[in-house]
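Residues in the sequence shown are numbered from 11 upward in steps of one, following our numbering.
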Amino acid sequence: IYSGIFTPTESAAVAALSAIIIGFFQRTLKIKDIPKILETSAKVSGVIVPIIAMSLPLAQTLASLQVPQAFVSFMTSLTSNPYLIIVIMIAILMIAGCVMETTPNIVILAPLLLPLAQEIGMNEIHFCIFMVTALGIGFITPPLGLNLFVVSGVTQVPIISISRYVFPFVLCMLVIALMIGYFPWLSLWLL
11 IYSGIFTPTE
21 SAAVAALSAI
31 IIGFFQRTLK
41 IKDIPKILET
51 SAKVSGVIVP
61 IIAMSLPLAQ
71 TLASLQVPQA
81 FVSFMTSLTS
91 NPYLIIVIMI
101 AILMIAGCVM
111 ETTPNIVILA
121 PLLLPLAQEI
131 GMNEIHFCIF
141 MVTALGIGFI
151 TPPLGLNLFV
161 VSGVTQVPII
171 SISRYVFPFV
181 LCMLVIALMI
191 GYFPWLSLWL
201 L
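Here it is, written out as structure tokens:
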């Protein structure tokens with residue numbers, strides 16, 4: 011990806027093909043395993059793809075109804091303090107990250123929050139890095155963080171047990187998100 015040879019999607023395909031080839035050579039993967047692997051992939055994709063498909067029309071509808079502009083007006087009428095608005099955006103993104111995948115969140119919330127971020131003087135690239143970081147916090151925040159369910163499914167450990175150990179990471183990520191929000195140079199120093 012970083013070399014520019016492959017796009018992220020192409021890299022994923024090459025990685026999957028490489029894993030299959032290595033699995034055959036190491037004899038940890040058999041031909042009879044392929045249908046089960048494809049079935050599992052279809053189940054996972056079957057959950058995510060409809061969410062993404064429905065988020066695009068929703069985002070377009072919100073834009074055509076000028077909801078982002080109304081949201082910016084509402085938020086700036088509550089407070090004009092950029093530091094408080096950043097905290098509010100983190101809260102919104104964390105909650106959204108708990109209940110929905112990244113792509114639908116970006117498609118739905120970016121058009122809503124980007125005008126607000128621009129209103130307080132946030133650069134677009136800075137906002138994108140801030141948004142992805144805050145969404146990442148939601149993915150591991152108990153009790154609804156999506157990655158908690160993934161870890162629980164893989165390890166067969168109850169979510170309650172996992173949740174006890176996740177709070178230091180949530181706290182660290184929250185501090186990092188606040189630092190990224192308050193100090194733009196942390197995410198823009200290469201520009």
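Just so it is clear, CB atoms sit at the ideal spot from N, CA and C, and this is done for glycine as well. As the structure is a computational prediction, the values presented were derived from the model and not from experiment.
Do you know offhand how far residue i's Cα is from residue j's?
{"i": "Val142", "j": "Val164", "result": "24 angstroms"}
{"i": "Pro78", "j": "Glu134", "result": "15 angstroms"}
{"i": "Phe84", "j": "Ser74", "result": "18 angstroms"}
{"i": "Leu72", "j": "Ile100", "result": "21 angstroms"}
{"i": "Gly33", "j": "Ile61", "result": "32 angstroms"}
{"i": "Ala187", "j": "Leu196", "result": "11 angstroms"}
{"i": "Lys40", "j": "Leu122", "result": "48 angstroms"}
Who are the near neighbours of residue i in its chain, counting only those whose CB is closer than 7 angstroms to its CB and skipping five residues on each side?
{"i": "Met104", "result": "Ala144, Ile147, Gly148 and Thr151"}
{"i": "Asn115", "result": "Ala106, Gly107 and Leu145"}
{"i": "Phe137", "result": "Leu124 and Ala127"}
{"i": "Val161", "result": "Ile172"}
{"i": "Leu68", "result": "Ile118"}
By alpha-carbon positions, which one of the options ends up nearest to residue i?
{"i": "Leu155", "options": "Phe140, Cys138 and Phe177", "result": "A quick correction: the sequence has Gly, not Leu, at residue 155. Of Phe140, Cys138 and Phe177, the residue nearest in Cα terms is Phe177."}
{"i": "Glu129", "options": "Ile95, Asn157, Val109 and Glu111", "result": "Ile95"}
{"i": "Ile170", "options": "Leu181, Phe179, Pro153 and Met183", "result": "Pro153"}
{"i": "Leu184", "options": "Ile98, Thr112 and Gly56", "result": "Ile98"}
{"i": "Asn157", "options": "Leu39, Phe179 and Ile139", "result": "Phe179"}
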